[in-house]
Amino acid sequence: MKISIFGLGYVGCVSIGCLAEMGHIITGVDTNGTKVNLINSGKPTIVEKSISELILKGYKAKRITATKNYKKAVADTDVSFLCVGTPNKEAGHLNMEYINNASIQIAEGLKSKKSFHTIIIRSTVLPGTNRNICSLIERHSGKQKNKDFCVVSNPEFLREGNAVEDYFHPSLTVAASDSSKGIKTAKEIYEKIDAPFVVVKIEMAELLKFINNTFHALKITFANEVGNICKKLNIDAVELMELFAADTKLNSSKAYLKPGFAFGGSCLPKDLRALNTMAHDNYLHLPIISNIENSNYVQKKHVFELITNTKSRKVGVIGLSFKEGTDDLRESPIIDVIESLLGKGYGVKVYDENVILSNIIGANKSYVFHKLPHIKNLMTVNYRKLIKDSDVIIINAKFKNIVKELVDSKTNKHIIDLIYIHELKKLKNYQGINW
């Protein structure tokens, strides 16, 4: 396929070398004459493992050229990749100037072009950029989206130093567009890549890169804070984190990475506080670890606000324990929410088929009666009456019979789902905690 690459920086240069290696005919486009001359000499514009060999090989095979003539580049190719930089502005926002300028250049190239053209966004961009670029190109080209051109969001996940390896062996290839033709073209471009080709919604594709990189940054800073603790305690931090990462069932996995309600229980809050106290006793400041509990509090506050925003005063809670399948009430986050509601004069009733107050003992009993002294008056064994008498129903556990009855009744009551039950989403007044 004939492809033009707009932007000869890091992502653009790697794309040129790798796409040419896959057999495509590549034209690099940039306003910087030095970069154009480097590519036209068979040399890369960056330092990156293996890229020099790929650029030289593609150049010698006449699969790689570069130009400042963007109109001709668009005219001579079927696809244009947007690989220009989106650096931060002073306040932290992305500077979209370069990608907007490149989009206008592509639009000008499209004015006199008769064949369909696909634009693929590889740059890291904000949600909504795909839509904005479509409008920009329509305005400056006089062409019609999905009739004369289409725009595909295709975020890159390349690590500097491993970019070529990552390009040829990604975990997955993500693409999004409102054009099936654009998706088909993207799939053809990457047909030699042995990785799942995943089609998602446009905004999801645009946001994914930010989430990935923020999580990577979080992992680095978390490991650094652990290292600081270990050094104070004369423990080998490298060995400890190797041991930590060896648990691929819980630690290095998708476990616990599900959006939803706050954490609770007898282990996580207790051990988090103990670690923070340990750090404090050793005069260590751990900005990430010390703020985890505050973030958890914010999530509980968010649920309280979702309830109060309904303007309804009668609340039914389905599920009291800190997670499903247990009667452990210690540090259950929903108890904090109930406590706040009662303090504001709300009427609250609670149902949990796993929690029988006469059976709970020890610390479990002490905790719930300390937080909710009148818990006996709140609990009910009749969930149907709870649903009937409540204006807002909080779903904190999945009891299949209750879910079925709510769905079958097509209830108009406010449903606030904290655990994600897909069947409930069809209800009129349904909302998830963060979906």
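Going by the working numbering, the letters in the sequence shown line up with residues 503 to 937, in that order. Glycine included, every Cβ here is placed at the ideal spot set by N, Cα and C. For clarity, every value in this text was computed on a predicted model and none was experimentally measured.
- Message: Going by the DSSP bridge assignment, what does Ile731 pair with across the sheet?
- Response: As a working mapping, residue 731 is identified with position 229 in the sequence shown. Note: Ile731 sits in no beta bridge, so no partner.
- Query: Considering only residues of the same chain and omitting the five flanking positions on each side of Arg565, which have a CB-CB separation below 8 angstroms?
  - Reply: Within the sequence shown, residue 565 is the residue found at index 63, counting from 1. Hits under 8 angstroms: Ala522, Gly525, His526, Ile527, Ile528.
- Would you kindly check if the distance between the Cβ of Tyr853 and the Cβ of Thr812 is under 8 angstroms? Taking the first residue of the sequence shown as position 1, residue 812 is located at position 310. Taking the first residue of the sequence shown as position 1, residue 853 is located at position 351. In this structure, Tyr853 does not lie closer than 8 angstroms to Thr812 by Cβ.
- Task: Determine the extent of the beta strand (DSSP E) in which Phe746 is found, giving its start and end residues.
- Result: Translated into positions along the sequence shown, residue 746 becomes position 244. DSSP places Phe746 outside any beta strand (DSSP E); the residue lies instead in the alpha helix (DSSP H), whose first and last residues are 739-748.
- Message: Pop quiz: Asp650 and Phe618 are said to be a contact at Cβ under 8 angstroms. What is the actual Cβ separation, rounded to whole angstroms?
- Response: Locating residue 650 in the sequence shown gives position 148, where the first residue counts as 1. Locating residue 618 in the sequence shown gives position 116, where the first residue counts as 1. Asp650 to Phe618, Cβ: 6 angstroms. Contact.
- Task: Report the partner residues of His916 according to the DSSP bridge assignment.
- Result: Translated into positions along the sequence shown, residue 916 becomes position 414. DSSP lists Val894 as partners of His916.
- Pick from Asn903, Asn931, Ile896: whose alpha carbon is nearest that of Lys912? As a working mapping, residue 912 is identified with position 410 in the sequence shown. Nearest Cα to Lys912 within the set Asn903, Asn931, Ile896: Asn931.
- Task: Report yes or no: do three or more beta-carbon pairs, one from the stretch 801-821 and one from the stretch 832-843, lie closer than 8 angstroms?
- Result: The answer is yes - the stretch 832-843 touches the stretch 801-821, with three or more Cβ pairs under 8 angstroms.
- Under 8 angstroms Cβ to Cβ from Tyr922, same chain only, skipping five residues before and after it: list those, please. Locating residue 922 in the sequence shown gives position 420, where the first residue counts as 1. The beta carbon of Tyr922 sits closer than 8 angstroms to the beta carbons of Lys760, Pro761, Gly762, Gly934, Trp937 from its chain, once the five residues preceding and following it are set aside; these are given in chain order.
- Message: Distance check for Gly611 and Val581, CA to CA, integer angstroms please.
- Response: Here residue 581 corresponds to residue number 79 of the sequence shown, with the count starting at 1. Here residue 611 corresponds to residue number 109 of the sequence shown, with the count starting at 1. Across the structure, Val581 and Gly611 are spaced so that their CA atoms are roughly 12 angstroms apart.
- Identity of the residues DSSP links to Val954 by a beta bridge: Residue 954 lies beyond the residue range present for the chain, which begins at 503 and ends at 937; the question has no answer from this structure.
- Task: Starting from the C-beta of Val504, find all residues in its chain whose C-beta is less than 6 angstroms away, skip the five residues before and the five after it, and write them out in chain order.
- Result: As a working note, residue 504 is residue 2 in the sequence shown. Strictly speaking, residue 504 in this sequence is Lys, with Val absent from that position. Listed in chain order, the non-local C-beta contacts of Lys504 below 6 angstroms within the same chain comprise Ile527, Thr579, Asp580, local neighbours out to five positions each way being set aside.
- Task: Pick out the complete beta strand (DSSP E) segments inside the stretch 557-625, 3 residues or longer, and give them in chain order.
- Result: Correct list: 566-569, 581-584, 619-623.
- Query: If you draw a straight line from the C-alpha of Asn603 to the C-alpha of Asp532, how long is it?
  - Reply: To locate residue 603, count along the sequence shown from 1; it is residue 101. To locate residue 532, count along the sequence shown from 1; it is residue 30. Distance from the CA atom of Asn603 to the CA atom of Asp532, rounded to whole angstroms, is 11 angstroms.
- Locate the alpha helix (DSSP H) running through Lys686, then write down its first and last residues. Your numbering for residue 686 matches position 184 in the sequence shown. Boundaries of the alpha helix (DSSP H) harbouring Lys686: 682-691, taken from the DSSP string.
- Message: Just verifying my parser: in three-state terms, what is the DSSP assignment at Phe901?
- Response: In the sequence shown, counting from the first residue as 1, residue 901 sits at position 399. Phe901 carries a coil assignment under DSSP once its states are collapsed to helix, strand and coil.
- Would you say Ser625 and Cys652 are within 8 angstroms of each other, going by their C-beta atoms? Translated into positions along the sequence shown, residue 625 becomes position 123. Translated into positions along the sequence shown, residue 652 becomes position 150. Against a cut-off of 8 angstroms, the Cβ pair of Cys652 and Ser625 comes out as no contact.
- Item | One or two residues paired with Ala678 in a DSSP bridge | Counting from one through the sequence shown, the residue named residue 678 turns up at place 176. Ala678 is bridged by DSSP to Ser655.
- Item | Where the alpha helix (DSSP H) through Phe765 begins and ends | Reading the sequence shown from its first residue, position 263 is the one you call residue 765. Careful: Phe765 lies outside any alpha helix (DSSP H) and carries neither H nor E.
- Message: In whole angstroms, give me the CA-to-CA distance for Leu880 and Phe824.
- Response: Residue mapping note: residue 880 aligns to position 378 of the sequence shown, counting from 1. Residue mapping note: residue 824 aligns to position 322 of the sequence shown, counting from 1. So the two alpha carbons sit approximately 17 angstroms from each other.
- Residue range of the beta strand (DSSP E) that includes Lys443: This structure does not reach residue 443, given that the chain is present from 503 up to 937, and the question cannot be answered.
- Item | DSSP state of Met881 mapped onto helix, strand, coil | Counting from one through the sequence shown, the residue named residue 881 turns up at place 379. Looking at Met881 - three-state DSSP - the assignment turns out to be strand.
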